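Data block below; observations after.
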Amino acid sequence: MEQILAKLIEPDNSSITQGTLELQEALSKPEAIGELCNVVVSSQNISIRHYAAVVLRKKLSKSVNWNKVSLSDREIIKNGMLKALVDEPEKQVKKAICQFVAHIANHELPNNNWNQLIQFLEQVNTSNDLAQREMGMYALGIILDIGGDNFKQPEKQASLCTLFNNTLNSIPDLNEPLAYLTVIAMHHYMTACDTAELTYNWPKVYETVQAVSGKRPDRALECLDLIDDLLEMEDLGPGTVNVSDIAQLSLHLAETSTDDDLQEKALNVLSSVVKAKVKPSFYAKNNGLLERTVDVLLKLMSVPPLDDACEDYYIDQDANAPSVYAASTLDDMAIHIPPTKLMTGIQDKVVAYLTSPDPYKRKGGYIALAAVTEGASVYIGNHYMQVFVDFALRGIVDEHPVVQNAAFFALGQMSEYLQPQIGTYGPQIMPILLQFLSTVANSSTHQSDNTKHVERMFYALESFVDTMESAVTPYVPTLMEASVKILENPDQTVCPLKFKEFAIRLIGSIATAIADEFQPYFANIMNQLAACVSSTDLKGQGDDHAVSSLQNAAVEVIGTLARAVGEDNFRPYAHQSVQLGLRMLGTAVDDPETAKVAFQLFASVATILKEEMVSLPEIVELLVASIGNDDEYVARLKEEEGLDVFVGDEDEDNNEDKEPGDEEDIDFDETRSEEEDDDVEGYTYDCSKLDEKEEALDAVREIAKVTGNAFNQYLQTSFDAVYRTLYHPHEGIRGGAVDTLVQLCTVQTPGPLLIKCLDIVVPKLREIISTDESKDVVIKALAGYRDLLSDLGPAAVAGEGHLEAVHNSLREVLNKKTKAQRTSVEDEEEEEAEKEVQVIEGAGEVLPALIKAVPSSTFASISHELLSSLTARLKRSQLDDENTEALKSFIVGTIAECVPGLSEHIEEFIPSLLPLLTKFSRDKSADIRQNSLYGLGVLAAAAKTSLAPHYPTLLDILAESLGRDKPGAVLDNAMAALCRMILACPASVPIDRVLPVLINTLPITEDLEETRVILECLHALYNNGDNVLLQHLDKVLIQLIGMLSQHEQFFVKQGLKDPTALFILNVVRDFPQAADSVLSSLTPVQAELFNSIRQNLS
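Throughout the sequence shown, residue numbering follows the working numbering, covering 361 to 1458 in sequence.
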């Protein structure tokens, strides 16, 4: 056997091949195992001993092979390996023996067949010999990693926790390898137990991490994995750990370490702290944690980059630097910390950086502005808009390019997330951006070294154009002139391919913003894009990646134009565009970026061709294949953890070159493919392939929606493929799968397949809402319920248990019992971050759809509980906070939307709803008052005379609003509420007093939909010959004609023009003199409209 193994370690291919064949033959004989054991303990060659131990592990790691070994031979092997573990002097061999022992333990311990191992571990781990303790802890760690389930019994758990704590407490110098090995073993055990409720000495763990971080940052990084995983544990509770201590440790490492990897890991842990189920009180008085955190992050974001021209800011841009992770951490803080607390804590510090004479500090300040924009968008939009814009404008003209780049990036982020407020700053922002664009377009000097700066400028400009929408129209000629000039410039030193790509994407944004007004540019741009895609001349103008990126941008924008210019304009290009996408997929094999833009193109063109999409079979096959592929997973192989600890701390290369013929060159076990590879530690993702899969899901959803019956034959295949992705680890894929599955249900006609799909989807959405950790996925699942109910009506909840599933999901969300919502904050105040509010709002949006889908008696039976939960949320949301205000407004509006669905059961709800709506009708927030007044109106409409005793109080409330509020949505809803009260119970309303006030308050200015109830009330009063109304007919006519003239398009679309015109015609017919008298008070346009209506009498 030793001679065979010797051939396998020779640096000679023929020797390795011969040795492989001989080893395979030898392993088929029963005596092979004993011979390998003898080699492990007796060979003088270190490499051969090591190889023999590895072969033993590979051969006997599977229980089916171990069980073939006789009981007597098993005892010999077990005893021999324990002795070898002690006697072996070489770390490399000791490690291999230890791994072999761990696999044997995993076979034997479940049946209590290896008590000697337990005794051995106890003995070596309590020895006075430090080397033995290190070996014992290392062995224990490997055993727990491979078979930790064998130690989960309470008595073993207590024993191990005591061992770990005693070991750490006994080490005078935590730089000793034993401390590191102990923390690694603790991590393996916590992972096996899958609980945070282990009685670990966490402060000692933190001390260990800090101690080893100086000399061995690689070990500190591994130890941080234990803390990071702890923060993600489902049962993490306030009493488990002090998460503020973890935050302080992370900040210390991020600030003081000189090792980039350790800094990045520390920042990752800090992000985990921010997102953990138990959050530290970042904003407690005299805590200082928020301030210290911001100080450290700003300091890291202000570190000068290696190259000023090539700095990235966010992790998802494939950047890898502490400054990038610092920005990402601040982004997480903005998402998960209430914005009032966050912005108060950072504003002075960020301003100090933005106004610093140091350009790199100014750069850090702008990255901070960008980082907080998404998570605190509502609060910033309401309180800091002008400040953010002023700093952005100052930054993009800064004399230092590194500051300019960061300011462009910040402006782009503001444009994405601070909508619609940012759009109003177009006159201030656009001229400056156009000046930069013109400089790039008209330059005659070499610019290829300025790519990152130009990219940042285009990002800001493209994002701002997106947010301006049609308001960008005045700037379009200048934008298009410059973009086309860049596109047509043949000089690659002045306008490299990357610039052309930027110009193409900008043109796509312009087309989206102005829609069919893009028509004058359309034909030329289509020709330019087609030329980019099909040209062979590009190969000499840049590297393959630049060419591919340009062509992908062209394909993407062709799809954008399909949506922008409309069906009639794009139809002549539709079929050839589909073929273009298919050709690109045929030539760019296994190119996820190309696949992504091709899928986008197919979805866009499908909106034009609909059922005429002749290439649908080929396209759906490609999409389903992409969805079903799992090639986005990249295996991460296990490293030889702790290999060097038995020989001290001298620096060594832990990634030693494999010996020729190492164990991964040969497969000794025919059953190997059936079980997980022991050498695979986990998986990472290829982000570009994730994007491709996500785009494929989106394309299936949209194509199914617009192609009608043509898609029917692909429903089952698509459904099956999409359903499997619900279990994907990446939340973007899960969310896309939810959206697509719901769409695949809503496009179906009633029948067995729809019933089958709903029987799968409705309970699955229930499960996702309850158990998914991602708030974004939960929000999508709630939206899925809303869409199923809205589109399918009663069929959505007709199946057994379906209504209960929806009801239980809403109850869980409203009571914050879902996994995604389970958080505990050290501070006693409860204040919700914006994402938390969005989850509650997602549940609220389901309720109105549920009302329409189920009988009122059914809805009433469950609404007591749901409305009580909503009311309870209101009581818990009493802080003076932007998110709280938005949430209160939404909840009041949701309750109001539910009232009509209670119909004949409304009297049961008056005692609870009336005081609530009355209270919030006087709230200082205009949004809350608006929704409350709407709620009072629909309550009156539903209750009829039952609410009459309360009319005096309601009339007082409405009088306050009519006398106090300025024209706008609040006043509109006050008028509509009054009209609903008149319609519901006219005898309880003093018409002579309230109607003149109502008429003088008209017109409706914002909530135009409320015109409907105003008209209904006026018609009813007119038909009853109400004297008060007849006395004010001239004013009523003027108001109605003015509203119809100003909002005619809306009135036509909403079916309001005909009832308005009918009222006017009735007055003209019955009171011609009153009609004639109003002409002098009308504008020429209004008079023309009035006369056109009058002509219908003749």
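Where a beta carbon is used, it is the ideal one built from N, C-alpha and C, also for glycine. As the structure is a prediction and not an experimental result, all values here were calculated from the model.
Distance between residue j and residue i (C-alpha atoms, nearest Å)
i, j, result
"glutamate 1190", "lysine 701", "For glutamate 1190, the pLDDT reaches just 47, beneath the cut-off of 50, and the residue's location in the model is therefore unreliable, leaving the point undetermined."
"glutamate 1024", "aspartate 1046", "In this prediction, glutamate 1024 has a pLDDT of 36, which is less than 50 and means its spatial position is unreliable; what the coordinates show is noted afterwards. Each residue's Cα considered, the two are about 24 Å apart."
"glutamate 1062", "glutamine 1103", "8 Å"
"glutamine 1181", "isoleucine 1093", "20 Å"
"arginine 1289", "phenylalanine 1280", "6 Å"
"glycine 501", "glutamine 378", "37 Å"
"proline 1363", "threonine 1371", "9 Å"
"aspartate 826", "alanine 820", "10 Å"
"aspartate 533", "alanine 687", "35 Å"
"asparagine 471", "valine 461", "16 Å"
"glutamine 888", "serine 662", "41 Å"
"lysine 1212", "glycine 725", "50 Å"
"proline 1350", "threonine 1178", "50 Å"
"leucine 857", "glutamate 1052", "23 Å"
"threonine 551", "leucine 586", "9 Å"
"aspartate 851", "aspartate 372", "54 Å"
"alanine 871", "alanine 831", "13 Å"
"proline 761", "histidine 813", "7 Å"
"tyrosine 1475", "methionine 441", "No information on residue 1475 is available, as it lies outside the stretch 361 to 1458 that the chain covers here."
"valine 453", "aspartate 692", "45 Å"
"glutamate 978", "serine 869", "30 Å"
"aspartate 605", "leucine 729", "27 Å"
"glutamate 1257", "proline 780", "25 Å"
Candidates the options: closest to residue i by CA position
i, options, result
"threonine 1420", "Gly919, Arg1429, Ile1401", "Ile1401"
"lysine 1124", "Asp1151, Thr1106, Leu1152, Arg1084", "Arg1084"
"leucine 969", "Leu942, His935, Val446", "His935"
"proline 682", "Arg1324, Pro698, Gln623", "Gln623"
"histidine 1265", "Ile1222, Met497, Gln1406, Thr1231", "Ile1222"
"valine 1411", "Leu1442, Asn1426, Leu1368, Val1427", "It should be pointed out that residue 1411 corresponds to phenylalanine in this sequence rather than to valine. Nearest option by C-alpha distance: Leu1368."
"threonine 799", "Glu822, Ala1302, Pro977, Thr838", "Thr838"
"isoleucine 706", "Val654, Val400, Ala1220, Arg816", "Val654"
"alanine 465", "Arg1353, Lys455, Ile478", "Ile478"
"leucine 1439", "Phe1423, Leu1397, Asn1426, Asp1418", "Leu1397"
"tyrosine 713", "Phe751, Glu1055, Leu778", "Phe751"
"alanine 863", "Ile874, Thr853, Ala875, Ala842", "Ala842"
Residue i in three-state terms, based on DSSP
i, result
"valine 663", "coil"
"valine 1122", "helix"
"valine 601", "coil"
"glutamate 1024", "Only weak support exists for where glutamate 1024 lies, its pLDDT of 36 falling under 50; the value from the coordinates is given anyway. Helix at glutamate 1024."
"valine 638", "strand"
"aspartate 1136", "helix"
"lysine 389", "coil"
"leucine 1442", "coil"
"methionine 310", "Residue 310 lies beyond the residue range present for the chain, which begins at 361 and ends at 1458; the question has no answer from this structure."
"leucine 1362", "coil"
"leucine 910", "helix"
"glycine 501", "helix"
"glutamate 370", "coil"
"tryptophan 474", "coil"
Endpoints, the alpha helix (DSSP H) within which residue i is located
i, result
"glutamate 1376", "1371-1383"
"cysteine 1345", "Per DSSP, cysteine 1345 belongs to no alpha helix (DSSP H) and is neither H nor E."
"methionine 973", "Careful: methionine 973 lies outside any alpha helix (DSSP H) and carries neither H nor E."
"methionine 593", "Looking at the DSSP string, methionine 593 is not in any alpha helix (DSSP H), and its letter there is neither H nor E."
"histidine 463", "451-468"
"phenylalanine 862", "857-874"
"tyrosine 933", "927-947"
Minimum Cβ-Cβ distance from residue i to chain B less than 8 Å
i, result
"leucine 1400", "Protein chains in the displayed structure number just one, and chain B is not present."
4 or more residues per run - each alpha helix (DSSP H) lying fully within the segment 1159-1237:
List check, alpha helix (DSSP H) in window: 1162-1174, 1194-1213, 1216-1236.
Within the segment 523-587, ranges of the alpha helix (DSSP H) (whole runs, at least 4 residues)
If we require 4 residues or more, the alpha helix (DSSP H) runs fully inside the segment 523-587 come out as 537-553, 562-572.
What are the uninterrupted segments assigned as alpha helix (DSSP H) that are 4 or more residues long and contained completely in the segment 379-424, given in chain order?
392-402, 406-420, all fully within the segment 379-424.
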